[in-house]
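Heads up, the thing below is written out as structure tokens.
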Amino acid sequence: MRYQITHTTEYTYHQSVSLCHNIARLQMRDTPGQLCSASNVAIIPHPDVTNQYEDFFGNKVLYFAIQREHQHLAVTVQSVIEKRNRPSQLMNIYDNVSWEDSKKMTRLPGDDNFEARQYISFTEITRPDADILEYTLESFTPGRSIFDACNDLTRRIFHDFKFDPGFTTVSTPLCVVMKERKGVCQDFAHLAIACIRSVGLAARYISGYLETAPPPGKVKLVGVDASHAWFAVFVPQSGWIEFDPTNNILPANQHITLAWGRDYTDVAPLQGVILSSGPHQLKVSVDVKRLH
Amino acid sequence: MQRFAQDSLFLKLQPVPNAAFLQPMISLTKQNPALEGFINGYHSLEELSGGNTTLEPHWKTFFKSLAQLGHSEILNRSQDMTRFLKENGVTYNIYGDPSGMNRTWNLDIMPYMISKEDWAICEAGLLQRATLFNLILKDIYGAQRLIKEGLLPMEIIYNHPGFIRKCYGINLSGKNNLVIYSADIARSDKGKFWILNDRTQAPSGAGYALENRMAMARIVPELFGGLRVKKLSPHYHDLRKALVEIAPKQKGDPRIVVLTPGPGNETYFEHSFLSSHLGFTLVQGDDLMVNNNCVWLKTLGGLEKVDVILRRVDDEYCDPLELREDSQLGVPGLLQAVRSGNVSIANPLGSSVVENPGLIPFLPAISKFFLSEELKLPTIASWWCGQPKELRYVQDNLHKLVIKRIYRESEKRTSVDATALDIKSLADLRLQIEAHPALYVGQEKVHFSSTPSLVDGKLEPCNALFRSYAVSCNGGYVAMAGGLTRTSNDKDDIVISNQAGGYSKDTWILSSEDQTAINAKKEQDSLQTKSAAYRTDILPSRTAENFFWVGRYAERVLGNARFHRTVMQYVDEANRAFLDNDQILKQSLLISLISYTHTFSELDEDEFEKKLKDPWKVLSELLLDEKKVGSLSFNITHFARSVHGVRDHWSTDTWRVLREMEDAWQNASEVRHRGHYKMLSKVDNLITSMMAFISLNRESISREQGWILLDAGRKTEQCLLLINMLRSTLVFRQDEQVEYIMQEAVLKSSESLVNYRYKYRAHLQLNLVLDLMLLDPNNPRSLLYLLERLKAYVEVLPKSQAGHVLSDQERYALQAYTLLKLANSAELSAPDENSGIYDKLEEFLSNLNVLILGISDAVSKMYFKHAQKQQQLFRTDNL
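Quick mapping for you: the protein sequence lines, in order, are chains U and F.
For the first sequence, the numbering used here gives the first residue as 1, with consecutive numbering after it.
For the second sequence, the numbering used here gives the first residue as 293, with consecutive numbering after it.
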């Protein structure tokens, strides 16, 4: 299956800006189930400096700077990707290993799980507390298989929490999300990750896109999609298994991976610093189109 | 949010065992009666020198010199020392306490001595440790063998916020990544050395060590007699060399800057002192910018490329684009410039990850792995709680241990002496460890030895520990032959802290060779002489702005003080002379003063009327109320702030004048109730000090751009003040007698009365007063004279456009100059019969005011480029 994704970010400044530095993580990485066959970045005005490199997590990073007066910035990234059924998403015998054994195996020294082990440590925004641990242990009962436990956690987050755009911001701490039981995909992914790390397992944050279906009988509108986030848990001998707590599903062909990291701060799609004291406005549009 | 603490000099020591204090010490004072004055009866010299049963030879020599000087002389010298440090502006800032800013540094006349043999052990250990930490740092940001091969648990690195993943794979262009290593070292009561803390991010103290040595060599050169103390100066050459070595692309003469968080930082004195000693430019984050993947310094003359940054800003604050977004202390895009290999930072960003007590238990194995060597200086027995067995041990023995976190969290102590905790605090600590065991290390509590210190004129044994330094050199390291020693001033106090008012000591490393030893006089000279080649001719735009404002505030304080004085004299005289209209006169003078200083603008008419009834109350508020914008105290505070912003540019004499001025003004408010005469004399003294400050600068600041900016600031302010004074005194028509006194007041406070009498030999007349104060090209107080100077300054400042195009400031200056040249004092002094004001004069002055403010704004806009605000763009969320 092939998709074309168009992601446009526009900033409008009230006063002209003489210098801006930006970091974009908007070009898709390849994964075992996904291959990016084309990627085109258009930046207006044309940047004076660009640096491209891969970050510590293997995501594609584009730094760019505009070093002359401008009042408007538009970044459009158009990518074509191909999805395949990936072996790790198929059920695997190791997925039935108990989460405790899985934890022990992940922690064994050696190169095998080295890359995954860094995702065990909590981060500032996925710091677990007693409430989170208690919530986790309802799903992570002794001896339960790691797959079942994560699947149950995903289901409970989906049922216990209300999807409420506008309630949280990037900086809303998890304890507020826990207390109010509301949030968006980013919060749910962070919560699940904090839960999984609180029992010593490796979990990572995935940012990407989700193909949305139009309401029955309607034509799909361009630009109504949004960027999405979910999480993956590491199972030794098997690999990373993804879960989407916002929709209570196992991500498959409709989930398109952009980047991954320990949490949102590792994968923020676009960030920047400008020299200006005036206000600015932001407009984002995302379009996921299926190519046949 | 600004966070200043980066490398606090907070340290922790254990108390001296008490038993040692009881020894009588009769025999020693018998041998050395001159020492009696130093001994308080409880101690022996052996005990003072660290519990050794026999006095080491260097202490014998030292005590002989001490005895020769005598007790009372030493007390005199101690006072000289305090004065010297104060006059040199040596300070250590205390947080959270406004009066603690710029607190004077404490230096004990008694040095901390390390014998040649001891130093050999200590130095070898320090160099080995630097080598080892460099390898660990390289491994963490490279191959990660330590983690992969199980020598280091991953959590110790991955849970540490100092592990900056964005710095992975970045190497410096020299052979070592760790350029400066520093350690806090203490001696145990058995005489062994222990390393207590490793400092790898932005170690502080090397500047204070230098200042301490300079002070000792200057104040008590006799004490060095008979001892071969190693020179300190080579360290600063080594540091310079190490920084040149890491310059990108092996550039021969790299531009090196010292990046400071700013004057609010606790060790700002040192940043400024070191940069000026080494000939580097001292900069703050917004003095720099990233353009085309390079770092540039914004200077008066344009952008200058920066090759090496010696940073004193914590790494996470260095780049708001990729690291902490809320940092105002960094340079957006800095990491891109680092990644592109166009700038080198010492120590590199990310190096704070090895400032990590979690490493300590694993160091012996790591040393064998990398160096095939045992550790030369032992580490204190430590247990990392991330392992179940170690965790159990720490929890079971908590009350016997010192607990350290693997990283510092703002405002939380990293180290807790659990032996001093009560049961409840122990239980809390136990829970904290239980919640995040990987973040804690338990350490055995070790007892340390003491050293003789002068406390209240008597020798006392005090806990001491010293910080020494190693810098990278040709792929290896060289150590500083010295360090910064700190002591706690209470022998039972276990915390050594500069914040709490501890003392520092000069650290003497003894040598057997003459050529490496100092000659007190020579060392003083060699430390003080800055190599001519190190001098830098460029002026960062922030420094330029500070100079400009020092000039403006100096004149503002001076002008306000003079006008104040004049008004106070009249109000005082009026009280005695029973003039017919003394009430009107007093009120007019007060209104002029208020309008001149732009104070009380917020009051309504009724309140204002009421205020004027009590002139002395108003006067003392205008003088002393520091919170009132425009008051004399307010302006003095702002003056002092600008002066401190360019602190390395003032001479020692200038500092003395400034200190005296600050001290004298600080107790001015105490004399406010002791009569007008006292107040007047305080204002007189202030004026004299400010005049001294201004004329000292004329002689000591090199006549380059800095001076031009300072004097341009003065001239700008003088022009504005004069215009303002004339507008607040002379433009209103009043009773003839009042007008006369107003004219006299203008001349008096401009110190032009004598000049007037000499020139016109007539009674005061408005047109003649205006002639003298506005248009006379030979009167150095006239507006024309001042403006001619200002115009000349703006013409010599660096230009951005080539050729004949005038800059904004040049155009305004020319307009103002022409306006003045074409003016006619007779026309200006013709009143408007209807409005009751001299309207032509008012219009004329108002136009000039706009033009001169225009000059000031244009200069700011063109030259003070760091003033641009930086902000984060909204980030896009995942939904």
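For every residue, glycine included, the Cβ atom is placed at its ideal position computed from N, Cα and C.
Because the structure is a prediction, the values reported are computed rather than measured.
DSSP-derived helix/strand/coil call for residue i
| i | result |
| --- | --- |
| residue 273/U | strand |
| residue 698/F | coil |
| residue 586/F | strand |
| residue 875/F | helix |
| residue 292/U | coil |
| residue 261/U | strand |
| residue 940/F | helix |
| residue 120/U | coil |
| residue 912/F | helix |
| residue 434/F | coil |
| residue 783/F | Its pLDDT being 46, under 50, residue 783/F is placed unreliably by the model, and the measurement read from it follows with that caveat. Correct three-state label for residue 783/F: coil. |
| residue 990/F | helix |
| residue 688/F | helix |
Span of the alpha helix (DSSP H) around residue i
| i | result |
| --- | --- |
| residue 1011/F | 997 to 1021 |
| residue 193/U | 185 to 198 |
| residue 1215/F | Chain F is shown from 293 up to 1171; residue 1215/F falls before or after that span and cannot be answered. |
| residue 230/U | No alpha helix (DSSP H) contains residue 230/U, which is instead part of the beta strand (DSSP E) from 227 to 235. |
Within chain U, the residues that residue i reaches when beta carbons sit closer than 8 angstroms
| i | result |
| --- | --- |
| residue 776/F | Within chain U, no residue comes near residue 776/F; the closest Cβ sits about 34 angstroms away, beyond 8 angstroms. |
| residue 541/F | Neighbours of residue 541/F on chain U: none; closest Cβ ~18 angstroms, over 8 angstroms. |
| residue 1231/F | Shown here, chain F extends from 293 to 1171; a query on residue 1231/F therefore has no answer. |
| residue 609/F | Per Cβ cutoff of 8 angstroms: no residues; residue 609/F is ~14 angstroms from chain U at best. |
Where the beta strand (DSSP E) through residue i begins and ends
| i | result |
| --- | --- |
| residue 635/F | Here residue 635/F belongs to no beta strand (DSSP E), and DSSP marks it neither H nor E. |
| residue 778/F | 776 to 779 |
| residue 677/F | Segment: none, residue 677/F is in no beta strand (DSSP E) and carries neither H nor E. |
| residue 765/F | 750 to 765 |
| residue 508/F | From DSSP, residue 508/F is part of no beta strand (DSSP E) but of the alpha helix (DSSP H) over 498 to 511. |
| residue 549/F | 548 to 551 |
| residue 797/F | 795 to 801 |
| residue 446/F | That residue, residue 446/F, is in no beta strand (DSSP E); its alpha helix (DSSP H) goes 446 to 450. |
| residue 376/F | Note, residue 376/F: premise wrong, no beta strand (DSSP E); alpha helix (DSSP H) at 363 to 379. |
| residue 744/F | 742 to 747 |
| residue 768/F | 768 to 771 |
| residue 709/F | 707 to 709 |
Cα-Cα separation between residue i and residue j, rounded to whole angstroms
| i | j | result |
| --- | --- | --- |
| residue 647/F | residue 515/F | 37 angstroms |
| residue 1104/F | residue 1141/F | 11 angstroms |
| residue 697/F | residue 723/F | 14 angstroms |
| residue 1143/F | residue 1012/F | 10 angstroms |
| residue 589/F | residue 731/F | 39 angstroms |
| residue 237/U | residue 152/U | 22 angstroms |
| residue 496/F | residue 348/F | 31 angstroms |
| residue 1137/F | residue 574/F | 41 angstroms |
| residue 10/U | residue 282/U | 6 angstroms |
| residue 582/F | residue 64/U | 12 angstroms |
| residue 433/F | residue 460/F | 5 angstroms |
Residues that residue i contacts on chain U, provided the C-beta gap is smaller than 9 angstroms
| i | result |
| --- | --- |
| residue 716/F | By Cβ distance, chain U contributes nothing, its closest Cβ being about 20 angstroms from residue 716/F, past 9 angstroms. |
Residues that residue i contacts on chain F, provided the C-beta gap is smaller than 8 angstroms
| i | result |
| --- | --- |
| residue 21/U | 582, 613, 624, 625 and 628 |
| residue 272/U | 613, 1164 and 1165 |
| residue 118/U | 446 and 450 |
Chain F residues whose Cβ lies nearer than 9 angstroms to that of residue i
| i | result |
| --- | --- |
| residue 114/U | 436, 439, 440 and 446 |
| residue 275/U | 581, 624, 1160, 1161, 1162 and 1163 |
| residue 111/U | 440 |
| residue 282/U | 1165, 1166, 1167 and 1168 |
Contact list for residue i against chain F, beta-carbon separation under 7 angstroms
| i | result |
| --- | --- |
| residue 49/U | 584 and 585 |
| residue 268/U | 1167 |
Interface residues of chain U facing residue i [CB-CB closer than 7 angstroms]
| i | result |
| --- | --- |
| residue 1180/F | As displayed, chain F neither begins before 293 nor continues past 1171, which places residue 1180/F out of reach and without an answer. |
| residue 457/F | 56 |
Extract the residue ranges of the beta strand (DSSP E) inside the segment 569 to 615 of chain F, only unbroken runs of 3 or more that lie entirely within it. 573 to 575, 580 to 583, 586 to 591, 594 to 598 and 600 to 603
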